[in-house]
Amino acid sequence: MANNLPTIPAFEAGTNPSESWRHWKKILKIIWKPFDTPNDGCEGVTLQKVLQEFDKYFLDYQNEVFASFKFLEIKQEQGEKFTDYYSRLRNAVVECNYGESQDRMLRDKLIQGLLDKALQERLIRETSKKARALQEVVSECKTTENSKVQASVMNEKLTVNALKNFKNYRKQSINNQKNEFNCKQCGKKHEKKCQAFGTKCQNCDGRNHWAKMCRTQSKRKNMAARRVNAMEENSENSDTIYIGELKSQ
0 MANNLPTIPA FEAGTNPSES WRHWKKILKI IWKPFDTPND GCEGVTLQKV
50 LQEFDKYFLD YQNEVFASFK FLEIKQEQGE KFTDYYSRLR NAVVECNYGE
100 SQDRMLRDKL IQGLLDKALQ ERLIRETSKK ARALQEVVSE CKTTENSKVQ
150 ASVMNEKLTV NALKNFKNYR KQSINNQKNE FNCKQCGKKH EKKCQAFGTK
200 CQNCDGRNHW AKMCRTQSKR KNMAARRVNA MEENSENSDT IYIGELKSQ
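This is how it looks when you write it as structure tokens:
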């Protein structure tokens, strides 16, 4: 039978005997639970009586001032969920022995240590008009945190969709630019059918092109330019002949 008994860890009081005792007693109860049987009315020393005596002894080491100091120092940390922050406060307030004022102290400290300053200001404003119980404050804090998480998820999805739509639009624009070309009939950029197709040119009365792209107009300009060049060359030759005649005289 003795070989079947589990090993119970040694108790070490440390610097905080009362807290060490509470922790060790929890472990002891878990280990001892399978072996705990009714005493059938037998008188004598029971485990529960022994634990009660140790409770009286170690509770004398409890320093309420220091416990209260640690409780009042607690604040919600960056990135910490509200439920975790509230759990730390509940564990710490037990050692302060606030008695009937425990819920009020817990409520006030909870609001004071909130990371969300907008929520903190709203709760202070609301409690100044009407007293609110601890559970009401806790419920509002949870609701606000959940709403922020949901809004963050929605905004993230909207951002992803907007980025995806922008990429698709940009890709389509690039494809459209690749398909477009400078048309020799209308002078514009387009993909398929030209707007000048079937229309009449105002310059040469030809069809399927516009006047600004009329090739007849270009030919006329080239011919006019050649005529001007020819006239200038003839003029220069005439001057040369005239000067030569004067010298010969």
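Just so it is clear: in the sequence shown, position 246 is 245 by numbering that gives the first Met the number 0, and no numbers are missing.
For glycine and all other residues, C-beta sits at the position ideal for the given N, C-alpha and C.
Being a predicted model, the structure only gives us computed values, none of them experimental.
Does DSSP classify residue i as helix, strand or coil?
i: Lys192; result: coil
i: Lys141; result: helix
i: Arg131; result: coil
i: Asn96; result: coil
i: Leu245; result: With a pLDDT of only 47 at Leu245, under 50, the local geometry of the prediction cannot be trusted, and the value read off the model is given with reservation. Leu245: helix per DSSP, three-state reduction.
i: Asn164; result: helix
i: Lys199; result: strand
i: Asn207; result: coil
i: Asn62; result: coil
Given this structure, state the Cα-to-Cα distance separating residue i from residue j, to the nearest angstrom.
i: Phe65; j: Glu155; result: 45 Å
i: Ser100; j: Gln75; result: 22 Å
i: Leu71; j: Lys163; result: 48 Å
i: Glu52; j: Ser127; result: 45 Å
i: Cys203; j: Lys191; result: 25 Å
i: Gln194; j: Cys185; result: 7 Å
i: Arg21; j: Lys108; result: 24 Å
i: Gly98; j: Val92; result: 10 Å
i: Thr142; j: Lys129; result: 20 Å
i: Thr82; j: Leu88; result: 10 Å
i: Thr45; j: Lys55; result: 16 Å
i: Lys183; j: Thr215; result: 13 Å
i: Met153; j: Ala12; result: 51 Å
i: Ser249; j: Lys32; result: What is shown of the chain runs 0 to 248, which leaves residue 249 out entirely.
i: Asn96; j: Ser146; result: 35 Å
i: Ser67; j: Ser151; result: 36 Å
Within its chain, find whatever has a CB closer than 7 Å to the CB of residue i; leave out the 5 residues flanking it on each side and keep chain order.
i: Leu50; result: Lys24
i: Ile26; result: Pro8
i: Asn62; result: none
Which same chain residues end up closer than 8 Å to residue i when comparing Cβ atoms and leaving out the 5 residues on each side of it in sequence?
i: Gln77; result: Leu114
i: Lys211; result: Gly186
i: Glu125; result: Arg131
i: Gly205; result: Lys199, Cys213 and Thr215
Starting from the C-beta of residue i, find all residues in its chain whose C-beta is less than 6 Å away, skip the five residues before and the five after it, and write them out in chain order.
i: Phe10; result: Trp23
i: Cys213; result: Cys200, Asn202 and Cys203
i: Trp209; result: Cys185 and Ala195
Using alpha carbons as the reference points, say which of the options lies closest to residue i.
i: Asn90; options: Lys80, Ile110 and Lys69; result: Lys69
i: Glu144; options: Asn181, Ile26 and Tyr84; result: Tyr84
i: Glu94; options: Ala12, Glu18 and Asn181; result: Glu18
i: Val136; options: Ala150, Ser151, Gln111 and Ile73; result: Gln111
i: Ile30; options: Thr45, Thr6 and Asp107; result: Thr6
i: Lys80; options: Trp209, Gly205 and Val148; result: Val148
i: Phe57; options: Ala150, Ile73, Met153 and Pro16; result: Pro16
Less than 8 Å between the beta carbons of residue i and residue j, yes or no?
i: Cys140; j: Leu105; result: no
i: Gly197; j: Asn181; result: no
i: Leu122; j: Asp102; result: no
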